[in-house]
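Numbering (my numbering), first residue to last: 418 to 588.
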Amino acid sequence: MYRHTPETGVDTGESTDADQAGTTAPERFAAGAVVASTFEELAPALPNEMAGLRRKLIHWLGEFSLDPDSTHDITLATYEALANVAAHAYPDGHGWARLQARRADDAITVTVTDTGCGIPATRPRVAGLRTSGGRGLLLIDQVTDQSDIDSDAKGTTVRMTWRPPALRNAG
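In structure tokens:
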């Protein structure tokens, strides 16, 4: 499992390692190499840090024999969710983003979590022509096999799942 831990004493709003028991999935074998079936990173919710998380996810995805379209869709949707954290979750500018990914059988699930202000219940369902933004969540819906968003005043979790052809055929 890939994992980044923030500096000691930094309040990330995250649960303790004891609360995370069982989150490290067993290792899987692919083409003779040991591949971590889970990925997890925690980073400050800043645009350059979100780009760094995207690069690390791309590296992890490279361990699987995915087609370029699947890799692109996973990376694109994940970066949209991360960019939303950096742009909207923390109006005061201070907070964290957690990126988790897991391969289980024929699916890859990516979860982006923050402990920010949440998504307003009145957010537009359709992107406006005269607004900047508002298209990220719609894009996520279009390029995932399944997605759901849980949001309240304590934060937002975006869960996205794909079933790439290469993983369906590997069964």
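Yeah, the Cβ is synthetic: ideal placement off N, Cα and C, and Gly gets one too.
For R515, the uninterrupted beta strand (DSSP E) run begins and ends at 513 to 521, by DSSP.
DSSP places T561 in the coil class of the three-state scheme, outside both helix and strand. For the options T495, I566, L499, P581, the alpha carbon positioned closest to that of V575 is the one of I566. With a threshold of 16 other beta carbon atoms within 10 Å, G510 falls short and is exposed.
Where G469 is concerned, the enclosing alpha helix (DSSP H) starts and stops at 464 to 478. Rounded to whole angstroms, Y507 and A518 show a C-alpha spacing of 23 Å.
Straight across, the Cα-Cα distance linking S564 with V527 is about 9 Å.
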